[in-house]
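Here's the structure we're looking at; comments come further down.
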Amino acid sequence: MTVFRIGEAADLLGVSADTVRRWVDAGRLAAIRDENGHRAIDGVELAAFVRAPAGEPAGHSEESSARNRLRGIVTAVVKDTVMAQVDIQAGPFRIVSLMSREAVDELDLRVGSVAVAVIKSTTVVVERSTPAVAHKARTGA
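For the sequence shown, this note's numbering gives the first residue as 27, with consecutive numbering after it.
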C-alpha cells in the first residue's frame, strides 16, 4: 500500500500542508497514522478524494469533451505576424500554447490575465514518479 505524508499529499495536489490538514480535520479526507504516529493519507483514498467532484471548474462547458482544465495566470505572450506563443502558470505547472495571433487578439490574452488551458490530446506521456514522493507503508510492524 502506498501512503503519503501530509506534505507529500499537499505537493501532489498543489496546495499547502495546512490545507490538507484542514481537509483531514473536517473529515473531507481520511487519514491514518503511520508507524511513527504521523498522519498519512492512503494513496487509494487520496486518488478518490481528487476524483470526487467538488463543483465544476470556472468556464467548464458541458458541451465540450475536453476534461483537462488548468486555470492560471498568463506569464508571457510572444506574437509574430501569424502565430503566437502563450505561457500560463497553473499552480506548479507551466503550460505553453502555440496558437494563431488572431486567437490571442480575440481572447485579449496579456501578461497578468487569467486564462484556462483546456487540454485534449491523443498522446499523453505518463512517467512514474521517483520513490522520494511516495513511500511504501510497512506491514506487520
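Just so it is clear, CB atoms sit at the ideal spot from N, CA and C, and this is done for glycine as well.
Using 10 angstroms around the beta-carbon of D99, count the other beta-carbons present and answer buried if the total reaches 16, otherwise exposed.
-> In the sequence shown, the residue the question calls residue 99 occupies position 73. According to the sequence displayed, residue 99 carries Ile and not Asp. Counting Cβ neighbours within 10 Å, I99 comes out exposed, since fewer than 16 surround it.
How would you write the range of the alpha helix (DSSP H) that D33 sits in, first residue to last?
-> Position 7 of the sequence shown, counted from the start, is the residue given in the question as residue 33. Reading the sequence as shown, one finds Gly at residue 33 and not Asp. Where G33 is concerned, the enclosing alpha helix (DSSP H) starts and stops at I32 to L39.
Residues bridged to V112 (per DSSP) | For the purposes of this step, residue 112 is identified with residue 86 of the sequence shown, where counting begins at 1. By DSSP's assignment, V112 forms a beta bridge with V103 and S123.
Apart from the five residues just before and just after R47, which ones in its own chain have a Cβ nearer than 7 Å to its Cβ?
-> Here residue 47 refers to the residue found at position 21 when the sequence shown is read from its first residue. Close CB contacts of R47 within its chain, under the 7 Å cut and outside five residues either way in sequence, are with I32 (chain order).
Which partner residues does A73 have in the DSSP bridge list?
-> Sequence index remark: in the sequence shown, residue 73 carries index 47 (1-based). Beta-bridge pairing links A73 to no other residue.
Close-in-space but distant-in-sequence residues of the same chain around G69 (CB under 6 Å, 5 per side omitted) | By 1-based counting over the sequence shown, the position of residue 69 is 43. T28.
Under three-state DSSP, which class holds D44?
-> Walking along the sequence shown from the start, residue 44 turns up at place 18. Of the three classes helix, strand and coil, the one that applies to D44 here is helix, per DSSP.
What three-state label does DSSP hand V50 in the structure shown?
-> Walking along the sequence shown from the start, residue 50 turns up at place 24. Here V50 sits in helix by DSSP.
Among V76, L72, V41 and E132, which residue has its Cα nearest to the Cα of A56?
-> Here the question's residue 56 lines up with position 30 in the sequence shown. Considering only alpha carbons, the answer is L72.
Cβ neighbour criterion (16 or more within 10 Å) applied to L133 = Walking along the sequence shown from the start, residue 133 turns up at place 107. L133 is exposed by the Cβ-count criterion.
Report the three-state DSSP secondary structure of H86 (helix, strand or coil).
-> Working through the sequence shown from its first residue, we reach residue 86 at position 60. Residue confidence for H86 is low, a pLDDT of 49 falling below 50, so the modelled location carries little weight; the figure read from the coordinates is stated next. It is coil, neither helix nor strand.
How big is the Cα-Cα spacing for I114 and R54?
-> Against the sequence shown, residue 114 aligns to sequence position 88. Against the sequence shown, residue 54 aligns to sequence position 28. Distance between the alpha carbons of I114 and R54: 30 Å.
Burial state of F30 (16 or more Cβ within 10 Å) | Counting from one through the sequence shown, the residue named residue 30 turns up at place 4. Buried: at least 16 other Cβ atoms inside 10 Å.
Are the segment 95-111 and the segment 128-144 touching, with three or more C-beta to C-beta distances below 8 Å?
-> For the pair of segments examined, the segment 95-111 was found to touch the segment 128-144: the number of CB pairs separated by less than 8 Å reaches three.
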